[in-house]
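Student: Residue numbers (the numbering used here), protein chains in the order written: chain P, 117 to 342; chain B, 117 to 342. Don't be surprised by glycine CBs; every beta carbon is placed ideally from N, CA and C.
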DNA sequence: GTCTATAGGCTGATAGAC
DNA sequence: GTCTATCAGCCTATAGAC
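#1: How many Å lie between residue 193 (chain B) and residue 309 (chain B) at the Cα?
#2: Measuring straight from C-alpha to C-alpha, what distance separates residue 304 (chain B) and residue 269 (chain B)?
#3: Give me the residue from P:153, P:150, P:169, P:156 with the minimum Cα distance to residue 133 (chain P).
#4: Assign residue 270 (chain P) to one of three DSSP states: helix, strand, or coil.
#5: What does DSSP give as the partner residue(s) for residue 229 (chain P) in the beta ladder?
#6: Any idea what DSSP makes of residue 133 (chain P), helix, strand or coil?
#7: Quick one: residues in its chain with C-beta nearer than 7 Å to the C-beta of residue 141 (chain B), no 5 flanking neighbours on either side, listed in chain order?
#8: Under the rule that 16 or more other beta-carbon atoms within 10 Å means buried, what is residue 58 (chain P), buried or exposed?
#9: Please name the residue in P:211, P:261, P:313 whose C-alpha comes closest to that of residue 297 (chain P).
#10: Using 8 Å as the threshold, is the C-beta distance between residue 323 (chain B) and residue 214 (chain B) below it?
#11: When you compare only the Cα positions, how much space is there between residue 280 (chain P) and residue 255 (chain P)?
#12: Could you compute how far the alpha carbon of residue 240 (chain B) sits from the alpha carbon of residue 151 (chain B)?
#13: What residue ranges within the region 153-203 of chain P form continuous alpha helix (DSSP H) runs of no fewer than 4 residues, ordered along the chain?
#14: By the DSSP assignment, the alpha helix (DSSP H) with residue 320 (chain B) in it spans what residues?
#15: Quick one: what does DSSP say residue 306 (chain P) is sitting in, helix, strand or coil?
#16: Taking the C-alpha atoms as reference points, what is the distance between residue 246 (chain P) and residue 188 (chain P)?
#17: Identify, in the order they occur along the chain, each residue of the same chain with its Cβ nearer than 7 Å to the Cβ of residue 231 (chain P), setting aside the five sequence neighbours on each side.
#18: Evaluate the contact criterion for the region 260-279 of chain B versus the region 191-211 of chain B: three or more CB pairs, one atom per stretch, below 8 Å.
#19: Cutting at 6 Å between CB atoms, please list the residues of its own chain near residue 342 (chain B), excluding the five before and the five after it.
#20: Cα separation between residue 329 (chain B) and residue 311 (chain P)?
#21: How about residue 260 (chain B): is its C-beta nearer than 8 Å to some C-beta of chain P?
#22: What does residue 209 (chain B) touch in chain P if you count any residue whose Cβ is under 7 Å from its own?
#23: What residue range is occupied by the uninterrupted alpha helix (DSSP H) comprising residue 384 (chain B)?
#24: Reducing DSSP to helix, strand and coil, say where residue 331 (chain B) ends up.
#25: Provide the residue span of the alpha helix (DSSP H) that contains residue 213 (chain B), from first to last.
#26: Once DSSP output is grouped into helix, strand and coil, what is the label at residue 150 (chain B)?
#27: With a threshold of 8 Å between beta carbons, is residue 186 (chain P) in contact with chain B?
#28: Between residue 278 (chain B) and residue 319 (chain P), is the Cβ-Cβ spacing less than 8 Å?
#29: Is the CB of residue 322 (chain P) under 8 Å away from at least one CB in chain B?
#30: Counting along the chain, where does the alpha helix (DSSP H) carrying residue 278 (chain B) start and finish?
#31: Would residue 131 (chain B) pass as an interface residue toward chain P - the criterion being a Cβ-Cβ separation below 8 Å?
#32: Mind pulling the chain P residues with CB within less than 7 Å of residue 152 (chain B)?
#33: Please report the Cβ distance between residue 147 (chain B) and residue 229 (chain B), rounded to the nearest whole angstrom; I am assuming they are in contact, meaning their Cβ atoms lie under 8 Å.
#34: Assuming residue 238 (chain P) and residue 295 (chain B) are in contact, meaning their beta carbons sit under 8 Å apart, how far apart are those beta carbons, in whole angstroms?
#35: Rounded to the nearest angstrom, what separates residue 219 (chain P) and residue 174 (chain B) at their Cα positions?
#36: Using a cut-off of 7 Å between C-beta atoms, extract the partners of residue 143 (chain B) located in chain P.
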C-alpha cells in the first residue's frame, strides 16, 4: 500500500538500466557485425552486464535482436507519419523527408546499417510485428512521389523506382560512414576529409528535386506565365 | 550395372571443377548470409563437394572468402577501366556507367550484396590486395563528375557526394532484389510485381542527368543545341 | 582428389549460489 | 537481479584411409 509515485532506488543500477544497456550495446554491435557476427558475450561485455541477463530479460539473443528492430523501426515509422501529416508541395515534402532522415540517423546511428543488413538478408528477421511498420513506411513515402506527379510538380516517374533511389542513397550514406571514416583516416581513400551528413543531404535534395521536376528548374522555367 | 563411358564417376570430377563449384557456392551464400552466417558445411553441400576441399584448395573459409572478393572486384575494376577509356560527354559516360553496372549485376548477381556487406562492416575483409581495386574504382568514377563540371555539362556539385548517391542507389537496388522478390511474392508489399532492373537503371539515369545538369534539361533547353 | 572421423575451440543457454 | 559454473551443440580445420 505504498505510494504509487515511482520513487527509484539510486546508487545502484536497477533492472531498467541493465535492459537499456543491453539494448544499446546490442544495437551498436548488431549494426556493425551483423546478427551472426555478434556473440552474447560481446554484448554483455560492452553493456557491462552478465550474459545470463540477456536470456533473463529478453529470452535469448534472437529476441533481443527483434526487440531492437521493433523499437528502432517504430520510431522511424512514427517520425515519418508526423512528417507526412503536414502539407506542402511534393518538393517540400521530399526535401523534408531527406532532412528528417538525416536527423534520424544522427539520433539512431545504427538504424541505417541494421535496416540495410535486414534488406540484404532478405528480411529474414522482419517478423510479423516489424513488417507492418516497414510496409507502412514504404507506402507513406511513396505518396510523396504520387502527389508530386498528380499536382504536376514531378515528371510522371515510377514512384517505386524513385523511392528506391532515395532510400538507397540515404541508407547507403549513413550505413557506410564508419567505413569512410576508417579508410580516410588510414589514407586508403584520396579524400581530404569525410563527407559531412548535412552536405550529403543537401546535395541529394538538389539532385532529386531537379531530377524529378516536371519543369526544367525554378530559375529557368520557360513554362507559361501563371 | 556398368559405368557409362565418357561420364566421370561421382567423386572424381576434376580439380578445376571442384574449385569452381566452391567459389560459386561461396559467392551465393556469403552474399546472402554474410561471412559469419555461412558455414563451410553449407558451402560444401551446395557445391556438392566435401568440406575438407575448402581447406585443401583455398586454405580455409576466410581465404575462400577473400578469393571471391578479389575475383569479383577485379572484374568490376577492369570493366570500369574499359568503360572510362572511351570518350564522350559526362552525360554519356554517367549513363554508360549506370548501364554497365546493371550488366555487371546481371553477370555477377552476388557482387552488390557482397560489396554492401563489406562496406557496412567497415571494409574489414578488404585486404591489401582488394583495397587498391576498390580505391581505383572510386577515383575513376569520380572523374566523370569532375569532367562534367569542367566541361560545363554538370552543375558544380561535390563529386564525392554525388558519387555516393550513384553508388548507393545502384548497390542498394541490386543488393535488395531478393528481399523485394520475397516480400512481393508473400503479399508483404503493395506492389503488383518486382521492379525490373532495366527500368530502375533508366529511371536513375534520367534523375541523375537532369539533376546534375548545368542547364535545365535537354528537352527544354533554351540555349542552342550542342 | 576425395572422403570419413575426430579433435579442439567457441557458442548460446541455464541451473543454482548469493 | 546478478553472477559463476557448466553443458550440449555446432563450428572450422585436419590427419589419415582409400
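Tutor: From the atom records:
#1: 33 Å
#2: 42 Å
#3: P:169
#4: strand
#5: Its beta-bridge partners do not exist; DSSP assigns none.
#6: helix
#7: 159, 162, 163
#8: No statement about residue 58 (chain P) is possible, as the shown extent of chain P runs from 117 to 342 and does not include it.
#9: P:313
#10: no
#11: 12 Å
#12: 11 Å
#13: 156-163, 168-174, 177-201
#14: 313-328
#15: coil
#16: 10 Å
#17: 287
#18: yes
#19: Because the pLDDT of residue 342 (chain B) is 43, which lies under 50, any placement of that residue in the model is unreliable, and the number read from its coordinates should be weighed accordingly. None.
#20: 22 Å
#21: no
#22: Going along chain P, no residue has its Cβ under 7 Å from residue 209 (chain B), so there is no contact; the nearest lies around 17 Å.
#23: It is not possible to answer for residue 384 (chain B), since the shown part of chain B is limited to 117 through 342.
#24: coil
#25: 206-223
#26: coil
#27: no
#28: yes
#29: yes
#30: 275-291
#31: no
#32: 150, 152, 153
#33: 4 Å
#34: 5 Å
#35: 45 Å
#36: Going along chain P, no residue has its Cβ under 7 Å from residue 143 (chain B), so there is no contact; the nearest lies around 14 Å.
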